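**Q** Take a look at this one; I'll ask things after.
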Amino acid sequence: MRFFQRIERRYVQWLTRPAQNAAGRMGLYRIVYSLFYLWFLSPLNFSELNLVPASRWDPTILLSGLSPLPDGGYAAMETLLVMALVLLLLGYRTRLATLGVLLMGFGLAGFRTGFLIQERTIVLTVFYVPLFMLFSRWGETYSIDALLKQRRGHPATSPHSSSWRYIWPARGLMVILSILFLSAAAVKLMEVAWLVEPRLVGDFILAKGVKSHLTNGFPIHPLGPHIGRTAALSIPSQYVVLLFETCFVLVLFNRFAQALLFRLAPIFHSFNTLLLGIPFTSVLSMYAAFPDWQKLYERFYPKVLRLQCLNKLPSSLLAAGSMGSALLVGLLWNTTPMPRQVFGLFGLLSYQTLWFALLPFVLIWICSPLWRRLRGDQPLPTPERL
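Residue 22 is where the sequence shown starts when you use this note's numbering, and the numbers rise one by one after that.
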């Protein structure tokens with residue numbers, strides 16, 4: 022009995038521990054998540070699901086009682102999803118917008134999966150994040166809601182507030198991510214081949230690289246066949262995958278493990294994208310919940326670009342402008358290419374290239390403290406534990 026009480030006490034202590042800039046970092050995470058989701062949606066066209074014969078409908082358990090939607094149904098859901106994302110980006114009616122993102126996004130993903138398009142990793146973006154954030158306070162900073170609330174006489178929320186009430190959803194997402202990695206490792210360990218077949222990953226690199234090229238357009242990396250055929254390279258890769266997925270759960274218990282694994286994660290995913298054609302891009306929507314965006318905002322975001330002019334606009338105009346912007350982008354999403362091109366960054370970044378675009382910044386993040394330490398400028402900082 023005392024054992025479970027100790028576990029409960031430590032869990033409560035972990036969940037309610039304050040975090041630096043908790044309010045600001047979650048408000049900025051809301052903006053980052055909305056932009057990422059709109060970028061993620063830009064190459065997808067859910068109205069194409071109407072072209073699939075209804076006889077191929079094989080729904081998941083949650084949608085087992087539903088039939089495929091009629092013509093225009095998927096496009097309408099996509100329009101509502103985009104409208105909710107724009108409202109979430111602006112921070113107007115944030116909780117209602119989060120609910121809309123959850124229902125429309127998860128519904129569309131379910132229909133897409135039901136038509137033989139097995140993309141289970143998309144659930145990270147469309148389900149887990151909005152589910153946790155539905156009960157969060159990520160609309161209390163950097164939002165139209167916060168500005169309107171302040172005008173009604175409520176005290177403003179400081180972005181530097183460290184209260185656990187702002188940061189707990191990020192910790193919940195960290196638990197989910199740890200469970201997913203641990204379960205992936207458990208499945209591999211139960212398939213004993215991962216432990217006893219030295220050619221498993223080598224053959225997988227060769228086969229998966231070709232399959233991803235044929236189905237998703239991923240180019241076959243010239244080093245892939247060399248690594249796949251070289252036991253000295255493929256066998257260590259096999260156990261590195263198991264080690265990373267098994268050890269990721271340590272981010273919940275130790276600040277140094279958290280700092281190390283968060284830095285290694287982009288390298289791990291870049292390797293998977295490069296050699297296997299498995300981008301797992303949707304996991305970025307969960308990783309984005311962990312950085313201190315407030316610190317980055319104050320250090321790097323130009324002051325001239327900060328929208329101080331919003332304070333001068335009347336409340337009615339802010340509300341009408343938010344709704345009008347959401348309606349405009351939503352209606353144009355499936356009728357003109359411009360919204361998709363803008364939020365899709367005009368094709369500069371795709372599922373195939375995003376990890377590689379982030380990798381240089383990750384390497385700078387890893388090496389800059391070491392470089393300052395070698396120069397004698399300052400000692401290595403103690404990493405913050407989320």
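We put the beta carbon where it would ideally sit given N, CA and C, even for glycine.
Source: prediction; values computed, not measured.
Hey, L101 and G345: beta-carbon distance below 8 angstroms or not?
**A** Contact flag unset, no.
**Q** Could you pull the start and end residues of the alpha helix (DSSP H) that V363 belongs to?
**A** First-last of the alpha helix (DSSP H) with V363: 359 to 364.
**Q** Could you tell me the alpha carbon to alpha carbon distance between R46 and I82, rounded to whole angstroms?
**A** Answer to the nearest angstrom: the Cα atoms are 36 angstroms apart.
**Q** Could you tell me which of Y372, P300, E69, Q279 sits nearest to T403, measuring between CA atoms?
**A** Minimum Cα distance to T403 is reached at Q279.
**Q** So what's P190 in DSSP terms, helix, strand or just coil?
**A** Helix.
**Q** Confirm, please, whether the CB-CB distance from W185 to P312 is below 8 angstroms.
**A** No, they are not a contact pair.
**Q** Could you pull out every unbroken alpha helix (DSSP H) segment of at least 4 residues lying fully inside the segment 135 to 205, listed in chain order?
**A** If we require 4 residues or more, the alpha helix (DSSP H) runs fully inside the segment 135 to 205 come out as 150 to 154, 165 to 172.
**Q** Could you tell me which of G174, G131, T178 sits nearest to S164, measuring between CA atoms?
**A** Answer by Cα proximity: T178.
**Q** Residue range of the alpha helix (DSSP H) that E405 falls in?
**A** Element bounds for E405: n/a, residue is neither H nor E.
**Q** Does the beta carbon of G128 fall short of 7 angstroms from some heavy atom of the ligand ZN?
**A** Absent from the structure shown: the ligand ZN. Ligands present: none.
**Q** Once the 5 residues before and after S306 are set aside, which same chain residues still bring their CB inside 8 angstroms of it?
**A** Cβ within range, chain order: Y54, F57, Y58, F61, L145, T146, V150.
**Q** Just the Cα atoms here: how many angstroms apart are S183 and R276?
**A** Taking the straight line from one Cα to the other gives about 18 angstroms.
**Q** Here's a check: name, in chain order, each residue in its chain whose Cβ is nearer than 7 angstroms to the Cβ of I52, leaving out the five neighbours to either side.
**A** Excluding sequence neighbours, I52 sits near L110, Y163.
**Q** Let's test the definition: count the other Cβ atoms within 10 Å of the Cβ of T356 and tell me whether it reaches 16, buried, or not, exposed.
**A** That one is exposed.
**Q** What residue range is occupied by the uninterrupted alpha helix (DSSP H) comprising V53?
**A** Segment 43 to 62, the alpha helix (DSSP H) holding V53.
**Q** Does Q362 pass the burial test, meaning 16 or more other C-beta atoms within 10 Å, or should it be called exposed?
**A** With fewer than 16 other Cβ atoms within 10 Å, it is exposed.
**Q** Quick check on Q26: buried or exposed, where buried means 16 or more other Cβ atoms within 10 Å of its Cβ?
**A** Flag for Q26 reads exposed.
**Q** I want to know whether the segment 78 to 97 touches the segment 369 to 378 - three or more CB-CB distances under 8 angstroms.
**A** Touching, no.
**Q** Can you find the residues in the same chain that come closer than 6 angstroms, C-beta to C-beta, to H181, ignoring five residues on each side of it along the sequence?
**A** Within the same chain, H181 has close Cβ partners N42.
**Q** Tell me the DSSP secondary structure of V73 in three-state form.
**A** Residue state, collapsed to three classes: coil.
**Q** For K324, report the span of its alpha helix (DSSP H) as first-last.
**A** Note, K324: premise wrong, no alpha helix (DSSP H); not H, not E.
**Q** Roughly how many whole angstroms lie between the Cα atoms of F274 and K170?
**A** Those two C-alpha atoms are separated by around 37 angstroms.
**Q** So what does DSSP say about Y113, is it helix, strand or coil?
**A** DSSP places Y113 in coil when its eight states are reduced to three.
**Q** Looking only at C-alpha atoms, which of M195, A347, P219 sits nearest to L1?
**A** Residue 1 lies beyond the residue range present for the chain, which begins at 22 and ends at 407; the question has no answer from this structure.
**Q** What would DSSP say about G86, mapped onto helix, strand or coil?
**A** Note: G86 maps to coil in three-state DSSP.
**Q** Restricting to Cα atoms, I'd like to know which of L198, F156, F265, G126 is closest to L65.
**A** Answer by Cα proximity: G126.
**Q** Checking contacts by CB at 8 angstroms: is F274 closer than that to chain D?
**A** Judged by its chain identifiers, the structure shown contains no chain D, having just a single protein chain.
**Q** Closer than 8 angstroms by C-beta to L339: which residues in its own chain qualify, once you throw out the five before and the five after it? Chain order, please.
**A** Y113, I165, L168, L169, L331.
**Q** Mapping DSSP to helix, strand and coil, what is Y32?
**A** Helix, per DSSP.
**Q** Applying the criterion that 16 or more other CB atoms from any shown protein chain within 10 Å of the CB defines a buried residue, is A191 buried or exposed?
**A** Buried, by the Cβ-count rule.
**Q** Among R173, M195, Y260, T251, which one has its Cα closest to the Cα of V213?
**A** The option with the nearest alpha carbon to V213 is Y260.
**Q** Which full runs of the alpha helix (DSSP H) of 4+ residues lie inside the segment 251 to 289, going along the chain?
**A** Counting whole runs of 4 or more residues, the segment 251 to 289 contains the alpha helix (DSSP H) stretches 252 to 268.
**Q** Quick one: using the 10 Å Cβ neighbour count with 16 as the cut-off for buried, is H290 buried or exposed?
**A** So H290 ends up on the buried side.
**Q** According to the neighbour-count rule (16 or more other Cβ atoms, all chains shown, within 10 Å of its Cβ), is S303 buried or exposed?
**A** With 16 or more other Cβ atoms within 10 Å, it is buried.
**Q** Verify whether the separation of the beta carbon atoms of S68 and A96 is less than 8 angstroms.
**A** Yes, these two residues count as a Cβ contact at 8 angstroms.
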